[in-house]
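Input: a single structure, listed below in structure tokens.
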Amino acid sequence: GDREKVGPHRLALLISLTFVVVRSLSPTPLPSLSPAQLPELIMKPQEVWECFFLLCFSLLRAAKGDLQLLSFQPRTLYQYRYTLDVQLHHTSMASPWGARLQAETLIHLHRLWRDRGGEELLQVQIHDLKAQHQPEEERSQNSTEGSPVEIALSPEAQAELQQPMFISWNSGKVKAFYGNEAENILISNLKRGIISLFQLQPHAGRCLWKLPGHLHHVQPFHHQDQRSPQLLKAKVWIHLHKQSKSIALAVGGSAHAEYGRVIPKIFLQIFGVEWQPSSRSQYVLKDSLLQSVLAEESHEVAPALRSRSGIKISSRQQLQLMSPAMPGPAEVSGQSLKDVLASMEAQPQPLGMASLPFRGVCTHCPSLRAFLKAFDRQRVQTDTSKVVTTWQFQRFIQMFRSAKKRDVLQLLRRASEETRPFLVEAAVATQSVASLAALSDFLDFSKEPKSLLETFLYAAAFSPRPSGELLHLVLDKLGGKHLAPEIWETGIVAVGSLVGKLCQQNLCGLQVVERGVETILRGLRGAEEEPEVVIYLLALGNARLPETIPTLLDHAEDGPTAVTAAATAALQRFPAAHIASKVKRVMRRIFHQKRKSYDKTCRLAAAEILLDNHPLPMDVINILLATSEMETEMATFLLLKVQNSLRDHHHHLAKKVMKDIMGDPRINNYNFFSKGGFLRKSVSDFSLLSHGQRLRAAQVTFEAQGMESMMGENLSEGEEEPELMAGMSATFFDVQLRPIIFFQGYTDLMAKVLLSSGEPTSVVKGNLLLMDHHQVIPLQSGLQVTIKLQGGLGLDISADMDVSIWEQELKTSVNARGSLAMDFQTELDSPFLQATLRSQAEVETSIHFDTKLRFSSSPVLMCLQLREEQVPYREVFTVSQSAGSQSSTARKGRRGTVPGREFALHQTNSKVCNLLLTAEKE
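Given below as structure tokens:
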């Protein structure tokens, strides 16, 4: 009828009657509904009617026999046959190659006690467990698998396996688990895996269960059969991280799980681990008794940067009732479950269903104490471009993680000056309490060489996931000291980088982060010299805090050329979501010079911000129209920017806007896009592309100003020629470094020409820990799989600028040499077998980018050359197994070389290069 016409008294009676009926039919006790709760429900008719229809639906289901009261009979011994099959194999191999564990046992189950509400105390016991593993030597020699080898169990393990376990169980729900809390963790977890198979819901619906190692959101599905109804149980994995307080979800897709601090998303997607879990269980019931269970789960894990070097983990559990049932022991008398447990001789203790974490003792891990004992015979590699140095870098990180402060400090003091920068980088990458404390005692900013202090500061700035303690150490070392200008500049940009990365980890609220932000802003407010202001603005660019955008806008619009350039460069680093209308208004005023004249590079940066962040059609039209009044180099840059946007298939919105603009008759003109010219600013951009994500790995920018008269170009009206200067700035992994000046002024240029050593300037040189992932996956079977990924990068990048006044040529070169070493491991821990699958990859590369500009010609000629030397690489796959006193290791590998190549740029550049190179040979 009309629910609005039902009176409150009739509604109250309807609720009460419905609740009583459903409560009487429910297989599990429901809480009572007090009269005091009725007025509150009556005041919410919408919710009442929804509950009413839900209860009616439950009644219909009950009438159809959908709800089954599962139970075990008294004085009956049930025997189940339990089998376990766990496999790990390398996914990159043509045929499955890895480790396999199989186990089989009898499970005895009988009921000890039952209360009136249906709660039962069950005793579950393992009998005659046998385990086998597949020797990898036999499988690698033959195409077919060899005979499995039985694993001999120790008497202690056999005794612990046979100790009974007890569960409080109510029609398929395991309410509690009891046992010996002192037994071996691995055996205890295996028992949890067996107990988890008795956790089921005999009717359709959703529920939240805590199974070994994970919190499972379970969706059971019914498949009715006249003889034996089947239940299909699908799990949605919800992995809880206690340390980072974050949740990683995986629903038929991929998820990232990382213990410890939260990792910035872009680093996870490129330098993290892809994890694809799935799970499915099938239950067969007959006459209110569990007949069989089949539980299967799989996990595919792989480094995101090299997903084909992955490992697949599969686990299969099967439980089968053996008939007929046998007579069993009598039930135990007791008023409550607590009384029954207290009366038992074994005194079982309550244990959680979640599997316990297990950390095995590493017998082959490197030890810093052992390294110090043989210190005089040890040799530390320092060539960062060689992969042997990168492997050594990771090895020192492993040693530092388990080392004490005194050992780290002793190593730093005994090391030679040549190896100290390498050790400082490893200590910073470790970020353990001991390593940071040792660095605090060792580094003296008033005495140590500037190069070592810069190494420490840059290592901190490049850390992909810094801690608050690292920022605290940097601030303490910078505070209250009279520092060399280079150290102070490097320190400030490092503080900005650390602040930004900590905020990406949702740690902006830390007191040390607030201290770092205030250090930058206070310094900016008090800065009087232009170079100081620039450094603080670079630090704000590294931090990328939205609340500092108004400060950047003020300096961009009102500051001198260098300040405007630094502020706009910082704004360019913000994502499009933060480039609001206020930012665009200021950029328009800068580009169109509404309030004052701006340097051409500043106007170009302002135009880039307008074009790169959801451009408005009028902005694009006005920029294109303005190019007709610009000098050649500016017009060329902007026109190419528009053309690149038209060709960019990843920014559909920008592409549509550009096509609409081309319909404007003032713009759509072939000659409009046919101008030539050359810019005085050269940018080399190297990016990593992986899974649709782009990370700028390196950007090197050369800039020369005050050379217009030497190049025969005229200045714009009202524009004064700036001081002759050439310099370079660099950004690595989104960290802006302090700029480097090659020469400033004509006198300085002549001195550099006459006194130059010919050696290139080092931009960055060192080692960086890019990948550091540790993940534990407890399987439903109770076994534990540990995923470890560590990847190190060695970089040696140098740059040079050569100006020849006599030949009227300008040459620049960027040489980047690097090595990458990646170690990916998956470890299986069980009471019978420990297995480790390992994938190691290494690569060395060298890239050169050269520019040559001849300004004696008219027009000026410029040639760009980008080439890569041959790239050697090597991969090693390992399977190690240990069962009892037996252990084995098998290896496979492959190596190769990618030929060197020279990248072809646009056609005009190729013609100019041929012209200049031919003239040079002649």
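Per mature numbering (1 follows the signal peptide of the UniProt record, and there is no 0), the sequence shown runs over residues -24 to -1, 1 to 898.
Every residue gets a Cβ at the ideal spot worked out from N, C-alpha and C, and that includes glycine.
Alpha carbon of residue i to alpha carbon of residue j, nearest angstrom
i, j, result
"Lys787", "Arg830", "9 Å"
"Pro807", "Arg292", "17 Å"
"Ile585", "Gly476", "21 Å"
"Glu136", "Ala346", "36 Å"
"Leu614", "Leu580", "8 Å"
"Asn156", "Tyr58", "22 Å"
"Glu878", "Val364", "27 Å"
"Lys381", "Leu399", "14 Å"
"Asp530", "His448", "30 Å"
"Glu844", "Ala680", "26 Å"
"Arg441", "Thr52", "58 Å"
"Ala583", "Val493", "29 Å"
"Ile161", "Leu261", "32 Å"
"Pro324", "Tyr154", "5 Å"
"Ala553", "Leu385", "46 Å"
"Trp73", "Trp367", "25 Å"
"Ser274", "Leu173", "17 Å"
"Pro131", "Met141", "19 Å"
"Leu893", "Ile823", "20 Å"
"Leu327", "Ala152", "7 Å"
"Pro50", "Gly336", "42 Å"
"Ala322", "Lys764", "39 Å"
"Lys570", "Asp534", "12 Å"
"Asp776", "Thr737", "6 Å"
Contact set for residue i: own chain, Cβ-Cβ below 8 Å, skip 5 residues either direction
i, result
"His103", "Thr81, Leu82, Ile83, His84, Gln138"
"Lys362", "Gly770, Ser795, Glu820"
Own chain residues within Cβ distance below 6 Å of residue i, not counting five before or after
i, result
"Ser473", "Ala437, Asn518, Val711"
"Ala405", "Ile373, Leu745"
"Ser439", "none"
"Glu159", "Glu136"
"Ile468", "Ile511, Ala515"
For residue i, the three-state DSSP class (helix, strand or coil)
i, result
"Leu521", "coil"
"Gly682", "coil"
"Trp73", "coil"
"Tyr54", "strand"
"residue 977", "Outside the displayed span of the chain (-24 to 898) sits residue 977, for which this structure offers no information."
"His275", "strand"
"Trp367", "helix"
"Thr466", "helix"
"Leu615", "helix"
"Asp530", "helix"
"Leu412", "helix"
"Cys839", "strand"
"Pro507", "helix"
"Arg793", "strand"
"Ser738", "strand"
"Asn165", "helix"
"Ile102", "strand"
Same chain, Cβ closer than 7 Å to residue i, neighbours up to 5 away in sequence not counted
i, result
"residue 906", "A question about residue 906 goes unanswered here, because the residues of the chain that appear run from -24 up to 898."
"Gln117", "Any reading at Gln117 must be qualified, since the residue scores a pLDDT of 44, below 50, and its modelled position is unreliable; the value itself is stated next. Nothing meets the Cβ criterion."
"Asp748", "Gln766"
"Asn890", "none"
"Gly860", "Ile127, Ala128"
Paired residues, beta bridge with residue i - DSSP
i, result
"residue 902", "Residue 902 is absent from the model: the chain starts at -24 and stops at 898."
"Ser858", "Gln810, Ser863"
"Pro848", "Thr873"
"Val249", "Pro279"
"Phe347", "Partner(s): none; Phe347 has no beta bridge."
"Thr788", "Met777, Thr827"
"His749", "Leu765"
Inset, instruction - Pair every Cβ in the segment 736 to 756 with every Cβ in the segment 412 to 421, then say whether three or more of these pairs are closer than 8 Å. - result: no
Inset, instruction - Inspect the CB distances between the segment 527 to 542 and the segment 501 to 516 and report whether three or more fall short of 8 Å. - result: Yes: at least three Cβ pairs fall under 8 Å.
Inset, instruction - For the segment 763 to 775 and the segment 422 to 430, state whether three or more C-beta atom pairs, one from each stretch, are separated by less than 8 Å. - result: no
Legend entry - Meets three-Cβ-pair contact criterion under 8 Å: the segment 843 to 853 and the segment 811 to 821: yes
Inset, instruction - Please confirm if the segment 883 to 892 is in contact with the segment 862 to 872, defined as three or more CB-CB distances below 8 Å between the two stretches. - result: No: fewer than three Cβ pairs fall under 8 Å.
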